[in-house]
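*Asks:* Below is a structure I'd like to ask you about.
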Amino acid sequence: MRDKMRKWREENYRNSEQIVEVGEELINEYAAKLGDDIWIIYEQVMIAALDCSRDDLASYCLQELRRQFPGSHRVKRLTGMKFEAMESYDDAIQLYDRILQEDSTNTAARKRKIAIRKAQGKNIEAIRELNEYLEQFVGDQEAWHELAELYINEHEKSMDELHLQFYHSLKRQARYNLQ
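Anchor point for the sequence shown: position 135 equals 135 in the UniProt record's numbering, and the numbering is continuous, going up by one each time.
Shown next, in the form of structure tokens:
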């Protein structure tokens with residue numbers, strides 16, 4: 001089971017139900033035998049538990065990680081992700097901002113803030129945050145791709161609005177001409 005979890009981690013496997021099932025058994029039955037591997041398993045299971053709305057398991061994993069690594073930015077980011085899962089976006093953003101005050105190069109916290117803006121439908125703010133991020137981390141191709149997608153989505157919204165305006169303008173013009 002440990003090897004299966006490692007393989008899933010290394011391959012960025014995202015089947016959260018399976019990860020929760022296998023990970024919960026590992027934690028409950030073999031935690032003492034896992035050595036230092038237990039910490040990465042707690043993190044992996046916690047994220048999967050958030051995906052599956054298993055707040056009890058996510059909270060337990062987070063509690064164990066906090067106990068072992070108090071003050072860790074990585075654990076703080078996981079706390080922020082728990083806030084996100086509860087839709088406490090303001091709390092999550094405040095936490096990520098505190099992380100960034102302590103370490104302005106923390107890419108994970110910056111990306112979580114961008115993800116929140118997108119989840120809230122605040123694409124303009126997400127674009128602003130991504131531009132700030134890319135000023136510092138120019139080589140992040142994934143971020144450039146995401147920025148392009150956001151610009152395209154905003155462009156499409158603008159075009160839709162323009163088409164609606166044009167249609168209504170033509171309709172008004174036709175009514176006026178018929179009078």
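Where is the CB? At the ideal position from N, CA and C, for every residue including glycine. Just so you know, these numbers come straight off a predicted model, no measurement behind them.
(1) Is the beta carbon of I114 sitting closer than 8 Å to the one on Y133?
(2) Please report the distance separating the alpha-carbon of R112 from that of Y96.
(3) Roughly how far, in whole angstroms, is the beta-carbon of residue 197 from the beta-carbon of L26, given that I think they are within contact range, below 8 Å?
(4) Pull up the distance between the alpha-carbon of L100 and that of A31, whole angstroms please.
(5) Determine, using beta-carbon pairs with one atom in the region 81 to 89 and one in the region 46 to 62, whether at least three such pairs fall under 8 Å.
(6) For the UniProt domain "EMC2 TPR-like" (76 to 153), which segments carrying the alpha helix (DSSP H) assignment without a break, of at least 4 residues, lie completely within its bounds, in sequence order?
(7) Output the distance between the C-alpha atoms of I41 and E24, rounded to the nearest integer angstrom.
(8) I'd like to check one pair, W39 with L62: are the Cβ atoms closer than 8 Å?
(9) D37 to E156, Cα distance in whole Å?
(10) Going by beta carbon distance, what residues of the same chain come within less than 6 Å of R175, once the five residues before and after it are set aside?
(11) Going by the C-beta, is L130 closer than 7 Å to any heavy atom of the ligand MN?
(12) What is the residue span of the alpha helix (DSSP H) that G71 lies within?
(13) On the DSSP letters alone, give me the boundaries of the alpha helix (DSSP H) that G23 sits inside.
(14) Are the Cβ atoms of E154 and N123 separated by less than 8 Å?
(15) Rounded C-beta distance between V20 and R54? I'm assuming under 8 Å.
(16) Could you give the residue range of the alpha helix (DSSP H) that holds L50?
(17) Measuring alpha carbon to alpha carbon, tell me which of G35, E146, E43 ends up nearest Y72.
*Replies:* In this structure, then:
(1) Yes, Cβ-Cβ distance for I114 and Y133 is below 8 Å.
(2) Inter-residue distance for R112 and Y96 is about 8 Å (C-alpha atoms, whole angstroms).
(3) Beyond the ends of the chain as shown, which are 1 and 179, falls residue 197; an answer cannot be given.
(4) Roughly 33 Å separates the two Cα atoms.
(5) Cβ pair count under 8 Å is three or more, so yes.
(6) As far as the UniProt domain "EMC2 TPR-like" (76 to 153) is concerned, its whole alpha helix (DSSP H) runs of at least 4 residues are 89 to 102, 107 to 119, 123 to 136.
(7) It is roughly 9 Å from the alpha-carbon of I41 to the alpha-carbon of E24.
(8) 8 Å or more divides the Cβ of L62 from the Cβ of W39.
(9) Distance from the CA atom of D37 to the CA atom of E156, rounded to whole angstroms, is 46 Å.
(10) Within the same chain, R175 has no close Cβ partners at all.
(11) Only the bare structure without any ligand can be found here, which leaves the ligand MN out of the picture.
(12) For G71, there is no enclosing alpha helix (DSSP H), as DSSP marks it with neither H nor E.
(13) Segment 16 to 30, the alpha helix (DSSP H) holding G23.
(14) Taking 8 Å as the Cβ cut-off, E154 and N123 qualify as a contacting pair.
(15) About 6 Å; that satisfies the 8 Å criterion.
(16) For L50, the enclosing alpha helix (DSSP H) stretches over residues 37 to 51.
(17) The residue asked about is misnamed: residue 72 is Ser in this sequence, not Tyr. Comparing Cα-Cα distances from S72 to each of G35, E146, E43, the minimum goes to E43.
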